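Colleague: One structure is given below, represented as C-alpha cells, and several questions about it will come after.
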C-alpha cells in the first residue's frame with residue numbers, strides 16, 4: 001500500500017514550514033493540511049513572537065501575512081533584511097490585500113512571491129512543491 005505522502009504528487013515532502021498569521025482559523029487550516037501531508041509546520045498567531053522563532057529554526061518556507069496588528073509582516077520583512085536573513089529564506093507573503101502599491105513594495109523587499117488569500121488547495125500544493133528543499 002502506498003502512503004499518503006508517497007502518493008501526493010509522487011514526492012517525499014520532508015520540509016518545515018512556518019506560518020505567521022494573526023488569524024487562528026487560517027493557521028489551523030494550514031496546520032491540518034500540512035500535517036495530513038506529513039509536513040512539519042509551526043504556526044504563530046502573534047507576530048511579535050515570529051522573529052525569535054525564525055532566528056531559532058531553519059524553515060524551508062515561511063508564509064507571512066502582511067496585515068497584522070502592532071508588528072506587521074512588513075516589519076518582520078524589514079527586520080529580516082536588516083539582520084541579513086531575508087536573502088537566505090523562502091518568504092512568501094500570504095495576503096488578502098489587492099493593493100497594487102503594497103504588492104510592488106512587497107516585491108521590492110526581497111520576498112520570493114505573493115500568494116493571494118483566499119487561495120485554493122492547488123495553489124498551496126504548487127507553492128510547497130516549488131520550495132521543497
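In the working numbering, the protein residues as written are 1 to 133.
No residue lacks a Cβ here, since even glycine has one placed at the ideal position from N, Cα and C.
The structure presented is a predicted model; accordingly, all values stated were derived computationally and were not measured.
Rounded to whole angstroms, what's the CA-CA distance from residue 84 to residue 78? Just pull it up for me.
Modeller: The straight-line gap from Cα to Cα measures roughly 10 Å.
Colleague: What residues are listed by DSSP as bridge partners for residue 41?
Modeller: The partner list for residue 41 (beta bridge, DSSP) reads 17.
Colleague: Taking residue 113 as the reference, give the member of 56, 120, 98 and 90 with the closest Cα.
Modeller: Closest option to residue 113, Cα to Cα, is 90.
Colleague: Using the Cα positions of residue 23 and residue 124, report the straight-line distance between them to the nearest angstrom.
Modeller: The alpha-carbon atoms of residue 23 and residue 124 are separated by roughly 17 Å.
Colleague: Starting from the N-terminal side, write out each stretch of the alpha helix (DSSP H) that is 4 residues or longer and does not extend beyond the segment 60 to 125.
Modeller: Whole alpha helix (DSSP H) segments, 4+ residues: 73 to 82 and 100 to 109.
Colleague: Starting from residue 56 and walking both ways along the alpha helix (DSSP H), at which residues does that stretch end?
Modeller: Residues 50 to 56.
Colleague: Looking only at C-alpha atoms, which of 69, 88 and 82 sits nearest to residue 62?
Modeller: That would be 88, whose Cα lies nearest to the Cα of residue 62.
Colleague: What is the rounded straight-line gap between the Cα of residue 15 and the Cα of residue 53?
Modeller: The alpha-carbon atoms of residue 15 and residue 53 are separated by roughly 16 Å.
Colleague: Between the Cα of residue 110 and the Cα atoms of 67, 122, 73 and 132, which residue gives the shortest distance?
Modeller: That would be 73, whose Cα lies nearest to the Cα of residue 110.
Colleague: Assuming residue 33 contacts residue 64 under a Cβ cut-off of 8 Å, what Cβ separation, rounded to an integer in Å, is found between them?
Modeller: Not confirmed; about 17 Å, so no contact.
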